[in-house]
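Worksheet for the structure shown next.
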Ligand SMILES: Nc1ncnc2c1ncn2[C@@H]1O[C@H](COP(=O)(O)OP(=O)(O)O)[C@@H](O)[C@H]1O
Ligand SMILES: Cc1ncc(COP(=O)(O)O)c(C=O)c1O
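Protein chains in written order, with the numbering used here: chain G, 1 to 309; chain Y, 1001 to 1446.
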């Protein structure tokens, strides 16, 4: 099959995406596909037309690749693509929107308040911050609504640090959220074709949060796959993950990040275009399920091109 | 004609996720200190052509005379090819070792050819010096801020880096002395002081004459080495040249590192180190282990360039280009940076260091700037200890004037916006002071 592989792009996670792309390109060729690599930029539409692919494999991360922009372009060009559709990408890539949907669908997620630059500027929204602290408690988490890889995220323990934390979060996008800090185990459930893969637990070896460095540095985080969970916990976590994907319309492919607190799991993020680097969680989960990287790539491609086999 | 088909090589089996943990156990302990930072990953966008990058330390290579390049290459082909294609002595080719002191003499520094070791860039010189002198846990002192590229080298040898504050006259020698005294009292003897005394990367500042004398005197008194890294000395736009630490000291306690990167071409990967004979011997042993010798072809090229008689003219040309770019940058900063910003006014080199009001984190500012296609190096990269979060390094050598001005304008506007936002929040939020009732209550509950 003629596959256009989209990786790179202009997001802050460009280098991670290029890493994913290299691996996927290898696999696709190995599987006998013809690969045209495209680094999306101002020439994307022309590049796509020239390549004339039967399907597009999306290995983009961050802005544009996950928020539906590129998906919408592909839809317009009539090229089927991997992963969730435009609406689902849009909802998942904005943590605020996703949390609204979770609220309506009863998916557990930490308590939160939205903060936007416009609201602060035009409506004096900052006057509400003390109330937000009252309700969410301390510590609380300030983070951009749309960024990945924990860029722009601050755990605020001292109210005096909140203004700087909000400015930081808003440096990575026009909207941000303040979120209740959840003390829990860091779990990721990858869902593919409506089925959960084995649960991965990320155990940071050096840093308190699973941040950018820990995420892409071999050895900075220890992973346990499958996570050691009681039968009841495991089934609850899987159910919540599927409910989250169902709510957002991305049961075909997504990775659900959760914190498992004493009183149950909370969904903190659904990533509709999960990373495929050597340290990414989706490949680890797939492997634990006996699915090699090549097989995973083939499966993702298969979900995009036609009915399940 | 079709090239003969070479059969494809068998593919290596791919690394699977589970293998990674197995490799993790194999990595040397020193790699724990070699982190890739979030910033460096963000910077991968800065290489896109539409980005105005004030981040690099790239010299302008557009003025290198192509005719001269051809002439030198042809000359090597005609009468120096056999040697140029061969291995050479670890110390470097004799001809180049003799020519290097002549380059140093242009700044008034005298050196003996036999004390010179040719290296694969100044970067390798730093690596070899550190390798020769530092055991894990040894203390090193350096400028605060320091050359960001030196930090991974120091980390690779597990040095314990202490940064000594700089002001507009370079490293504060009073603090240097105080730090050394405290270390001595604690039974620690640092191995060396690393400094870029002239047109410092990243600060753009120059160590004053008085402080140069003091630094050398202090090093002698405490019997530790100074590693003087001087890539930029010849790129002076104005003011009088200052004597190098090496020439003040006379080569007893100072190790001098030079490079052709900024005065000929960075792509040559050619530098040198001048060290007292016992230190030099260790450096040469280290170089033998590292790469046997620096490329003869490259050394031959540099030597012929130096002998062509056009070297001085070329450096003069670079100075002209950089001076007007610096002027453009300083003018733009004065016009566009927010009230409360402060910046260096370098008399040479490639960089301006700017510091914004404390509430601005330049890592966050960089994220915003990349969104508007401008890049710079956030100040934190020049520190090991978390300082520099409201500073930035701006390069003026690699970008033409109009782009510099436009880049600075965008950065200034974004910084203004961040400041405005911070002030709005801080003024309207009336947040309880640290340790106020809200936090106390939570602590009890938690
Ligand atoms: N509400 C929270 N409580 C506790 N830790 C959190 C919370 N939100 C995020 N974190 C920590 O920060 C990391 C990154 O957060 P996340 O919202 O997933 O950001 P990103 O989209 O950048 O991955 C999480 O993996 C977790 O360790
Ligand atoms: C202070 C300093 N030292 C060393 C180097 C390394 O230079 P090279 O290895 O190109 O000679 C640089 C390059 O920017 C530098 O600024």
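For glycine and all other residues, C-beta sits at the position ideal for the given N, C-alpha and C. Small disclaimer: the values here were computed from a predicted structure and weren't measured.
Closer than 6 Å: residue i CB and nearest ligand 2 heavy atom
i	result
residue 1201 (chain Y)	yes
residue 1244 (chain Y)	no
residue 1229 (chain Y)	yes
residue 1259 (chain Y)	yes
residue 1123 (chain Y)	yes
residue 1398 (chain Y)	no
residue 1147 (chain Y)	yes
residue 1266 (chain Y)	yes
residue 1161 (chain Y)	no
residue 1057 (chain Y)	yes
residue 1196 (chain Y)	yes
residue 1075 (chain Y)	no
residue 1271 (chain Y)	yes
Residues sharing a beta bridge with residue i, DSSP
i	result
residue 1248 (chain Y)	Partner(s): none; residue 1248 (chain Y) has no beta bridge.
residue 1171 (chain Y)	Y:1166
residue 1428 (chain Y)	Paired residues: none, contrary to the question.
residue 1254 (chain Y)	Y:1226
residue 175 (chain G)	G:116
residue 17 (chain G)	Note: residue 17 (chain G) sits in no beta bridge, so no partner.
residue 141 (chain G)	G:155, G:179
residue 264 (chain G)	G:261
residue 1392 (chain Y)	Y:1354, Y:1378
residue 58 (chain G)	G:6
residue 270 (chain G)	G:256
residue 1259 (chain Y)	Y:1271
residue 129 (chain G)	Per DSSP, none; premise fails for residue 129 (chain G).
Member of the options whose CA lies at the smallest distance from the CA of residue i
i	options	result
residue 177 (chain G)	G:68, G:188, G:136	G:136
residue 1358 (chain Y)	Y:1364, Y:1378, Y:1390, Y:1076	Y:1390
residue 1258 (chain Y)	Y:1248, Y:1247, Y:1250, Y:1270	Y:1270
residue 263 (chain G)	G:65, G:7, G:236, G:38	G:236
residue 142 (chain G)	G:167, G:55, G:118	G:167
residue 273 (chain G)	G:84, G:122, G:91, G:104	G:84
residue 1059 (chain Y)	Y:1400, Y:1419, Y:1409, Y:1407	Y:1400
residue 17 (chain G)	G:25, G:7, G:173, G:67	G:7
residue 1260 (chain Y)	Y:1242, Y:1240, Y:1233	Y:1233
residue 133 (chain G)	G:145, G:60, G:114	G:114
residue 1368 (chain Y)	G:15, G:173, G:285	G:173
residue 1427 (chain Y)	G:130, G:93, G:283, G:13	G:130
residue 21 (chain G)	G:57, G:31, G:306, G:1	G:57
residue 234 (chain G)	G:68, G:258, G:287	G:258
residue 1123 (chain Y)	Y:1317, Y:1267, Y:1380, Y:1421	Y:1267
residue 1092 (chain Y)	Y:1103, Y:1319, Y:1050, Y:1300	Y:1300
residue 1404 (chain Y)	Y:1070, Y:1422, Y:1350	Y:1350
residue 59 (chain G)	G:290, G:280, G:284	G:280
residue 1286 (chain Y)	Y:1125, Y:1115, Y:1385	Y:1125
residue 1080 (chain Y)	Y:1297, Y:1055, Y:1224, Y:1264	Y:1297
residue 93 (chain G)	G:247, G:124, G:304, G:66	G:66
residue 1105 (chain Y)	Y:1241, Y:1142, Y:1154	Y:1241
residue 1347 (chain Y)	Y:1136, Y:1130, Y:1056, Y:1168	Y:1168
residue 55 (chain G)	G:32, G:37, G:1	G:1
Beta-carbon separation (whole angstroms), residue i vs residue j, contact threshold 8 Å
i	j	result
residue 1415 (chain Y)	residue 1356 (chain Y)	6 Å
residue 118 (chain G)	residue 183 (chain G)	Wrong, their Cβ atoms sit about 32 Å apart, outside the cutoff.
residue 293 (chain G)	residue 27 (chain G)	6 Å
residue 285 (chain G)	residue 197 (chain G)	4 Å
residue 89 (chain G)	residue 68 (chain G)	4 Å
residue 1143 (chain Y)	residue 1196 (chain Y)	7 Å
Contact test: residue i Cβ vs ligand 1 heavy atom, cutoff 6 Å
i	result
residue 268 (chain G)	yes
residue 1107 (chain Y)	no
residue 141 (chain G)	yes
residue 181 (chain G)	yes
residue 186 (chain G)	yes
residue 1346 (chain Y)	no
residue 110 (chain G)	yes
Ligand 4 heavy atom lying under 6 Å from the CB of residue i
i	result
residue 257 (chain G)	Ligand 4 is not among the ligands present in this structure, which contains only ligand 1 and ligand 2.
- Task: Give, in chain order, every unbroken run of the alpha helix (DSSP H) that is at least 4 residues long and sits entirely within the stretch 1263-1320 of chain Y.
- Result: 1277-1291, 1296-1307
- Go through the stretch 1047-1084 of chain Y residue by residue and report every complete run of the alpha helix (DSSP H) that reaches 4 residues or more, in order. 1066-1079, 1081-1084
- Item | Those runs of the alpha helix (DSSP H) which lie wholly inside the stretch 1188-1240 of chain Y and span at least 4 residues | 1209-1222
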